[in-house]
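In our numbering, the protein residues as written are 1287 to 1369.
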């Protein structure tokens, strides 16, 4: 079924790639934050901390959405077996 590509096992690979990309970006931002604390720019650490929190929230949201996609994929496979 071409129109049901979202609820397939192949879509989970794309979501995993997105999760890893967010994790790598967050780790790089954490490294920049670590070094930015010692710099003499007054608002930079606060802005970076805000971006770190936003990145963590986004990452956790994507992980929850991945779990929902996995559950929907399982339910879709069960429904196809019944029908």
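By construction, the Cβ of each residue, glycine as well, lies at the ideal position given by its N, Cα and C atoms.
### Task
Please check the pair residue 1334 and residue 1315, which I expect to be a contact at CB under 8 Å, by giving their CB distance rounded to whole angstroms.
Yes, residue 1334 and residue 1315 are in contact; Cβ-Cβ is about 7 Å, under 8 Å.
### Reduced DSSP category for residue 1325 - H, G, I as helix; E, B as strand; rest coil
Coil, per DSSP.
### Task
Identify which residue in 1337, 1347 and 1329 has its Cα closest to the Cα of residue 1301.
The candidate whose alpha carbon is nearest that of residue 1301 is 1347.
### Query
Would DSSP call residue 1287 helix, strand or coil?
Residue confidence for residue 1287 is low, a pLDDT of 49 falling below 50, so the modelled location carries little weight and cannot support an answer.
### Message
Would residue 1312 and residue 1338 be called neighbours here (beta carbons separated by less than 9 Å)?
### Response
Cβ distance < 9 Å, so residue 1312 and residue 1338 count as in contact.
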